[in-house]
Structures are given as C-alpha cells and as structure tokens.
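Enquirer: Protein chains in written order, with the numbering used here: chain R, 1 to 111; chain S, 1001 to 1113.
We treat Cβ as the ideally placed atom computed from N, Cα and C, and that holds for glycine.
These figures come from a predicted structure and were not determined experimentally.
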C-alpha cells in the first residue's frame, strides 16, 4: 500500500505562495493523489486530486512529478484563512480502496 | 443541500454505556465512512460501506459496530463505551470508493468518563 510522507509543519507569509510537499514513492499506477485540509475543529475539506497530470482549480494547484513518487500542493496566494492541517492521501488498497489519513502538515500563515 | 449530517454533535457517556452516532447524506452517494480523530492525530478509518448492504473494517474497528440502514444512512454504535473511545468522530461519503472525492460531516465530539 502506498504511504505518504509530509513535513509536520510549515510557515508561510500572507500573500505568498505556499508549497506543500508530499512523498509517495510506493504509489501504484492506478492510485490517485488527494489533498484535503482541516481547519481547526471542522470536518476535512476536499481541495484537489490527480492521477498523473498537473491539476488546477479555484483553490490550488497540484504538481505531480513524472515518476509520480512525489507531489506538491500550491496555494498561490496564501491568506490567514488557509491556516490548517493539510493531508496528502493516496488510495489504500487493503482498506477496500477507502482513503486513510495520516498526520498531515500543519500550515501556519502569518501576517 | 445539507451534504453530510451527523448527530449528536456533542455527547458525554459513562464507561460501559452504549450509544449510536447517526449519519445521513443527501448526495445520493454509494459509499460512506466513519473516521475518528484523536487530539494531535490524523484521521483513522473505523469502518466503511462501499455500497448499500455492505460494510468493511478499516484501520481501527475494535469496539465499534456499524449499520448501513439504507443508501442515505450509516450509523456507528459503541456497545460498551471506554475512555479510549473519547474522540471526535467524522462521517463521510463519496460516490464510490475508487478515485472519488470524499465529503465530510462537521464531526461529533464524544467524551467517555
């Protein structure tokens, strides 16, 4: 099963781009990379997902390396409201394909 | 459109008591999930239901039972609550289990004393 590795915490200045890395070196060819975030005391919020191509939506961009062993979530202009824990998730096979969350990266956006 | 709704939002139980957390989704999703989140930890999958009529264990199923009552509803039962089950519980749903976005409820805060 593909596991993910994320730094436990990161800081970013307001208005700057926040680049959150994730390693998933054992990812299989048909496994997706998902990003969620959780603002304190709220339910996790979906951000973006991808298989092998880079993706962009109104919230963020997802850059997946060509070998698919790592990815980066980019918040182009971070705001204070983006302070949250960000989870990088790869579909796990032995849980019936349900997503399992790790500890994520705690992003602090500072004024 | 309410999305995923959980009840109750807060509950205090005594050790050994039983209770059921209710969850309903109005997005016509096939798959539903129960997660728990302990302080400073990530989310851990307790049980999931890939489709109506099926349930499977996740990472931490011990001490819990689930029922997929119909396509909309998925309940989580604690038969004999223990202090180790003090946690925040999240219900979630998705169209399918493979490559589909999961949507979460707002959480149920459970304290077992």
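Show which residues of chain S have a CB atom less than 9 Å away from the CB atom of residue 8 (chain R).
Expert: By one-based count along the first chain, residue 8 (chain R) stands at place 8. Under the 9 Å cutoff, chain S gives no residues; its nearest Cβ is about 10 Å from residue 8 (chain R).
Enquirer: Within the stretch 35-97 of chain R, note down every full beta strand (DSSP E) run reaching 3 residues or more, in order along the chain.
Expert: Segments of the beta strand (DSSP E) lying fully in the stretch 35-97 of chain R: 45-50, 61-64, 70-75, 84-90.
Enquirer: Report the option in S:1103, S:1022, S:1096, S:1071 whose CA atom is closest to the CA atom of residue 42 (chain R).
Expert: Counted from its first residue, the first chain places residue 42 (chain R) at position 42. Looking at the Cα atoms, S:1103 is the closest of the given residues.
Enquirer: Run the CB neighbour count on residue 83 (chain R), radius 10 Å, all protein chains shown included, and call it buried at 16 or more, exposed below.
Expert: Within the first chain, the letter at position 83 stands for residue 83 (chain R). That one is buried.
Enquirer: Is the beta carbon of residue 14 (chain R) within less than 7 Å of some heavy atom of the ligand NAD?
Expert: Annotation note on the ligand NAD: not contained in the displayed structure, which lists no ligands.
Enquirer: So who's on the other strand from residue 1021 (chain S), going by DSSP bridges?
Expert: The residue labelled residue 1021 (chain S) in the question sits at position 21 within the second chain. Paired residues: S:1076.
Enquirer: Thinking C-alpha only, which one of R:106, R:11, R:79, R:108 is nearest residue 60 (chain R)?
Expert: For the purposes of this step, residue 60 (chain R) is taken as the residue at position 60 of the first chain. Of the listed residues, the one whose Cα sits closest to residue 60 (chain R) is R:79.
Enquirer: What does residue 1007 (chain S) pair with, by DSSP beta-bridge criteria?
Expert: As a working mapping, residue 1007 (chain S) is identified with position 7 in the second chain. Paired residue(s): S:1022.
Enquirer: Would you say the stretch 1054-1061 of chain S touches the stretch 103-111 of chain R, given that touching needs at least three Cβ pairs under 8 Å?
Expert: no
Enquirer: Identify the residues that DSSP records as bridge partners of residue 1112 (chain S): which are they?
Expert: Within the second chain, numbered from 1, the residue matching residue 1112 (chain S) stands at position 112. S:1013.
Enquirer: Please report the distance separating the alpha-carbon of residue 1106 (chain S) from that of residue 39 (chain R).
Expert: Counted from its first residue, the second chain places residue 1106 (chain S) at position 106. Counted from its first residue, the first chain places residue 39 (chain R) at position 39. Taking the straight line from one Cα to the other gives about 11 Å.
Enquirer: I'd like the list of long-range same chain contacts for residue 1065 (chain S), defined as Cβ closer than 6 Å, with 5 residues on each side in sequence excluded.
Expert: Taking the first residue of the second chain as 1, we reach residue 1065 (chain S) at position 65. 1077.
Enquirer: Taking the CB atoms as reference points, tell me whether residue 46 (chain R) and residue 1101 (chain S) lie closer together than 8 Å.
Expert: Translated into positions along the first chain, residue 46 (chain R) becomes position 46. Translated into positions along the second chain, residue 1101 (chain S) becomes position 101. Yes, they are a contact pair.
Enquirer: Could you list which residues in chain S have their beta carbon closer than 9 Å to that of residue 21 (chain R), in chain order?
Expert: Working through the first chain from its first residue, we reach residue 21 (chain R) at position 21. Those do not exist, as residue 21 (chain R) stays about 17 Å from chain S at its closest Cβ, beyond 9 Å.
Enquirer: What does DSSP give as the partner residues of residue 1044 (chain S) in its beta bridges?
Expert: On the second chain, position 44 is the one that residue 1044 (chain S) refers to. S:1036, per the DSSP bridge assignment.
Enquirer: Are the beta-carbon atoms belonging to residue 1003 (chain S) and residue 1025 (chain S) less than 8 Å from one another?
Expert: Walking along the second chain from the start, residue 1003 (chain S) turns up at place 3. Walking along the second chain from the start, residue 1025 (chain S) turns up at place 25. For residue 1003 (chain S) and residue 1025 (chain S), yes; Cβs fall inside 8 Å.
Enquirer: With DSSP as the reference, label residue 1061 (chain S) as helix, strand or coil.
Expert: Position 61 of the second chain, counted from the first residue, corresponds to residue 1061 (chain S). Correct three-state label for residue 1061 (chain S): coil.
Enquirer: How big is the Cα-Cα spacing for residue 94 (chain R) and residue 28 (chain R)?
Expert: To locate residue 94 (chain R), count along the first chain from 1; it is residue 94. To locate residue 28 (chain R), count along the first chain from 1; it is residue 28. Bear in mind that the predicted position of residue 94 (chain R) carries a pLDDT of just 45, short of 50, making it too unreliable to give a figure here.
Enquirer: Count the other CB atoms, across all protein chains shown, that sit within 10 Å of the CB of residue 13 (chain R); report buried if there are 16 or more and exposed otherwise.
Expert: One-based indexing of the first chain puts residue 13 (chain R) at position 13. Exposed is the call here.
Enquirer: Are there 16 or more other CB atoms within 10 angstroms of the CB of residue 1012 (chain S), so buried, or fewer, so exposed?
Expert: Residue numbering aside, residue 1012 (chain S) sits at position 12 when the second chain is read from its first letter. Classification of residue 1012 (chain S): exposed, given that the 10 Å Cβ count is below 16.
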